[in-house]
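Undergrad:
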Amino acid sequence: MGSTAVMMVGGPTKGTRFRPLSLTLMKPLFPIAGKPLVMHPVLACQKIPDLLQVVLIGFYPEDEMKTLDTALMSRELGVPVTYVQEESGGLGSAGGLHRFRDLLLQGNPDFLFVLNCDVCSDYPLNDMLAFHKTHGGQATLLVKRVDSQTARGHGAVVVEEGGKATGGGRVLHYAEKPGTLVSNTVNCGIYVFSCPSVFDTIGRLAEQKGKAVGFSAAEQALVPTSMLESLSARGRGKGAEDGPARLGMPDVFASLAESKQLYALESKGFWEQLKQPGSSLKFSRLYLSVMGSDLALARARLKGGPEVVGNVYIHPTAEVHPTAKIGPNVAIEAGAVISQGARVKDCIVLNDVQVLPHACIVNSIVGWGSVVGPWARIQGSEDYDAQLGVSILAEDVVVGPQVVVSSSVILPHKEIKSNVSNEIVL
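Once you know that position 242 of the sequence shown is 242 in UniProt numbering, the rest is easy, because the numbers rise by one and skip nothing.
#1: Pick from His173, Asp118 and Gly107: whose alpha carbon is nearest that of Pro28?
#2: Starting from the Cα of Val404, find the closest Cα among Leu288, Val182, Ala257 and His358 and give me that residue.
#3: Could you check the C-alpha separation between Asp127 and Val42 for me, to the nearest Å?
#4: Going by other Cβ atoms of all chains shown within 10 Å of its Cβ, with 16 needed for buried, is Met1 buried or exposed?
#5: Hey, could you find the ends of the alpha helix (DSSP H) Arg99 is sitting in?
#6: For a minimum of 3 consecutive residues, which ranges assigned as the beta strand (DSSP E) are wholly contained in the stretch 354-397?
#7: What is the residue span of the beta strand (DSSP E) that Leu51 lies within?
#8: Touching or not, the stretch 356-374 and the stretch 334-344, by the rule of three or more beta carbon pairs under 8 Å?
#9: Alpha carbons only, please: which of Val425, Ile48 and Trp368 is nearest the one belonging to Lys414?
#10: Quick check: the Cα distance between His132 and Pro412, rounded to an integer number of angstroms?
#11: Out of curiosity, what's the CA-to-CA distance linking Phe113 and Cys120?
#12: If I measure Cβ to Cβ from Pro12 and keep anything under 6 Å in the same chain, skipping five residues before and after, which residues do I get?
#13: On the criterion of 16 or more Cβ atoms from any shown chain inside 10 Å, does Ser370 qualify as buried, or is it exposed?
#14: Please classify Ala5: does DSSP put it in a helix, a strand, or coil?
#15: Pick helix, strand or coil for Thr24, following the three-state DSSP scheme.
#16: Once DSSP output is grouped into helix, strand and coil, what is the label at Arg170?
#17: Where do the N-terminal and C-terminal ends of the alpha helix (DSSP H) with Asn126 fall, by residue?
#18: Can you give me the C-alpha to C-alpha distance between Trp271 and Val398, rounded to a whole angstrom?
#19: Nearest by alpha-carbon distance to Thr185: which of Gly203, Leu350, Val192 and Asp147 is it?
#20: Leaving aside the five residues before and after Gly153 along the sequence, list all residues of the same chain whose C-beta is less than 7 Å from its C-beta, in chain order.
#21: Taking contact to mean 3 or more Cβ pairs, one atom from each stretch, closer than 8 Å, check whether the stretch 18-38 and the stretch 276-290 are in contact.
#22: Select from Gly137, Asp110, His135 and Leu142 the residue whose C-alpha is nearest the C-alpha of Pro124.
#23: In the DSSP assignment, what are the bridge partners of Phe111?
#24: Relative to the C-alpha of Glu258, which candidate in Asn187, Val158 and Gln149 has its C-alpha closest?
#25: Provide the residue(s) that pair with Lys144 in DSSP beta bridges, ordered along the chain.
#26: In the DSSP assignment, the beta strand (DSSP E) including Glu76 goes from what residue to what residue?
#27: From the DSSP output, which residues share a beta bridge with Cys120?
#28: Helix or strand or just coil, what does DSSP make of Ile48?
#29: So what does DSSP say about Glu258, is it helix, strand or coil?
#30: Out of curiosity, what's the CA-to-CA distance linking Cys347 and Ala331?
#31: In whole angstroms, give me the CA-to-CA distance for Ile190 and Lys417.
#32: On the three-state DSSP scale, how would you describe Thr323?
#33: Which of the three DSSP states, helix, strand or coil, is assigned to His413?
#34: Do Gln387 and Ser406 have their CB atoms nearer than 8 Å?
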């Protein structure tokens, strides 16, 4: 009764809304509460009983993903962790799963977990599996009740009444980002499927649409690559210049709901999606809140040092002056220097940043190697999902003495000598 876990990490073309931070570092590797973003869901897979392997699927070239230490992940989890690259253009989230089905079915798993990298959650994976085993359907979604405005931008899930005792029920209808309000219950981007039946379903849907989403390992061994690509293009009813066909998870969910094989479990914990770079602060706050033991060690290390308020992560190589005040909800990364009298609150301070004496940073992200001058102030609002809410300094930005940067985004290698408010500085 083993399980395989899949992490969908996206790719460069899907990370444009994470700019300017993704100009320096790809989104899956961006540090949140002291760990790369992708590490949080990967480590959450420790909750899955009888885990066989973790597979990361994305569009990033494999040489770029070498920065991600899958060997270290394997040691921490005690199971193999592998990264595989999707073909250019993409087959869609469901098509990508089908393409790598031979790898995902190694060890004959009974269940397949699928998690999205840009989701922040307490990951009730064990609860999802227990619920999934009770209903006999083919798939279980984790869902969350949200306000009406938020619901319009997510996959809408209509769940049958009467499932309150178990916290879940059968999905009657699924609509992906409908624009109008269909339901206040939304898809959290965390799923459990029964194996191998999920791949049969994806294959059937692909065939119905006239789309070839992959070949088995045996077929690939027998057919030359050039011919394989040609056959694949023809099978999709498209010319090579049109790019590959796509089969997304929403296609699968809509079909499973229609056939009464889709169920949903409501999340009682926290859940957020990374929409804008500023959302990283929300992620950081939530993950810091569950890192109690690590943060206690950080506070112990700083005894006799600066005043630390609330949940704070400080990298061991960072330097914080005893007269500085840090927190709450602060992550300070490697090599950063926080000088005397500085105030740092609700922010992420990245590698090798220098915060000079008496500077103040609130609701902001300060990029790699940036310098915040003496008595300068970097501040933002708590509207984490707005384009101009949180202030963001990209890599190698220098803010002059006594300069105020408010709710602005500063692109890399800029020097700010005068006050900036509600601007994008190119």
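Just so it is clear, CB atoms sit at the ideal spot from N, CA and C, and this is done for glycine as well.
TA: In terms of the structure at hand:
#1: Here residue 28 corresponds to residue number 28 of the sequence shown, with the count starting at 1. A check of alpha carbon separations from Pro28 across His173, Asp118 and Gly107 identifies Asp118 as the nearest.
#2: Position 404 of the sequence shown, counted from the start, is the residue given in the question as residue 404. Taking only the C-alpha atoms, the option nearest Val404 is His358.
#3: Here the question's residue 127 lines up with position 127 in the sequence shown. Here the question's residue 42 lines up with position 42 in the sequence shown. Going from the Cα of Asp127 to the Cα of Val42 covers about 17 Å.
#4: Translated into positions along the sequence shown, residue 1 becomes position 1. For Met1, the number of other beta carbons within 10 angstroms of its own is below 16, and it is reported as exposed.
#5: Residue numbering aside, residue 99 sits at position 99 when the sequence shown is read from its first letter. Counting along the chain, the alpha helix (DSSP H) containing Arg99 begins and ends at Gly92 to Arg99.
#6: If one requires a minimum length of 3 residues, the beta strand (DSSP E) runs lying completely within the stretch 354-397 are 360-366, 377-379 and 391-393, in chain order.
#7: For this step, residue 51 is matched to residue 51 along the sequence shown. First-last of the beta strand (DSSP E) with Leu51: Leu51 to Gly58.
#8: Cβ pair count under 8 Å is three or more, so yes.
#9: Sequence index remark: in the sequence shown, residue 414 carries index 414 (1-based). Residue Val425 is the option with its Cα nearest to Lys414.
#10: Along the sequence shown, one-based indexing puts residue 132 at 132. Along the sequence shown, one-based indexing puts residue 412 at 412. Straight-line Cα distance between these residues: approximately 47 Å.
#11: Taking the first residue of the sequence shown as 1, we reach residue 113 at position 113. Taking the first residue of the sequence shown as 1, we reach residue 120 at position 120. Rounded to the nearest whole angstrom, the C-alpha separation of Phe113 and Cys120 is 16 Å.
#12: Position 12 of the sequence shown holds residue 12. The answer is none, since no qualifying residue turns up.
#13: Mapped onto the sequence shown, residue 370 falls at position 370. A residue is called buried once 16 or more other Cβ atoms fall within 10 Å of its Cβ, and Ser370 is buried on that count.
#14: Position 5 of the sequence shown holds residue 5. Of the three classes helix, strand and coil, the one that applies to Ala5 here is strand, per DSSP.
#15: In the sequence shown, residue 24 corresponds to position 24, counting from 1. The answer is coil: DSSP assigns Thr24 none of H, G, I, E or B.
#16: Here residue 170 refers to the residue found at position 170 of the sequence shown. Note: Arg170 maps to strand in three-state DSSP.
#17: For the purposes of this step, residue 126 is identified with residue 126 of the sequence shown, where counting begins at 1. Leu125 to His135 is the span of the alpha helix (DSSP H), which, as asked, contains Asn126.
#18: By one-based count along the sequence shown, residue 271 stands at place 271. By one-based count along the sequence shown, residue 398 stands at place 398. Straight across, the Cα-Cα distance linking Trp271 with Val398 is about 35 Å.
#19: Taking the sequence shown and counting its residues from 1, the one referred to as residue 185 is at position 185. Of the candidates Gly203, Leu350, Val192 and Asp147, the one whose C-alpha sits nearest the C-alpha of Thr185 is Asp147.
#20: In the sequence shown, counting from the first residue as 1, residue 153 sits at position 153. Closer than 7 Å at the Cβ level, and outside the excluded window around Gly153, lie Lys177.
#21: Flag = yes, the stretch 18-38 and the stretch 276-290 touch.
#22: By one-based count along the sequence shown, residue 124 stands at place 124. Of the candidates Gly137, Asp110, His135 and Leu142, the one whose C-alpha sits nearest the C-alpha of Pro124 is Leu142.
#23: In the sequence shown, counting from the first residue as 1, residue 111 sits at position 111. DSSP lists Ser3 and Ser194 as partners of Phe111.
#24: For the purposes of this step, residue 258 is identified with residue 258 of the sequence shown, where counting begins at 1. With distances taken between Cα atoms, Glu258 lies closest to Val158.
#25: By one-based count along the sequence shown, residue 144 stands at place 144. Looking at the DSSP output, Lys144 bridges to Val186.
#26: Stepping through the sequence shown from its first residue, residue 76 is reached at position 76. Per DSSP, Glu76 belongs to no beta strand (DSSP E); it is in the alpha helix (DSSP H), Thr70 to Leu77.
#27: For the purposes of this step, residue 120 is taken as the residue at position 120 of the sequence shown. In the DSSP output, where bridge partners are listed per residue, Cys120 has Glu272.
#28: Translated into the one-based positions of the sequence shown, residue 48 becomes position 48. Ile48: coil per DSSP, three-state reduction.
#29: Numbered from its first residue, the sequence shown carries residue 258 at position 258. Shown here, Glu258 sits in a helix according to DSSP, grouped into three states.
#30: Taking the sequence shown and counting its residues from 1, the one referred to as residue 347 is at position 347. Taking the sequence shown and counting its residues from 1, the one referred to as residue 331 is at position 331. Cα to Cα, Cys347 sits roughly 7 Å from Ala331.
#31: Within the sequence shown, numbered from 1, the residue matching residue 190 stands at position 190. Within the sequence shown, numbered from 1, the residue matching residue 417 stands at position 417. The straight-line gap from Cα to Cα measures roughly 45 Å.
#32: Taking the first residue of the sequence shown as position 1, residue 323 is located at position 323. Three-state result, Thr323: coil.
#33: Within the sequence shown, numbered from 1, the residue matching residue 413 stands at position 413. The answer is coil: DSSP assigns His413 none of H, G, I, E or B.
#34: By one-based count along the sequence shown, residue 387 stands at place 387. By one-based count along the sequence shown, residue 406 stands at place 406. Cβ atoms of Gln387 and Ser406: not closer than 8 Å.
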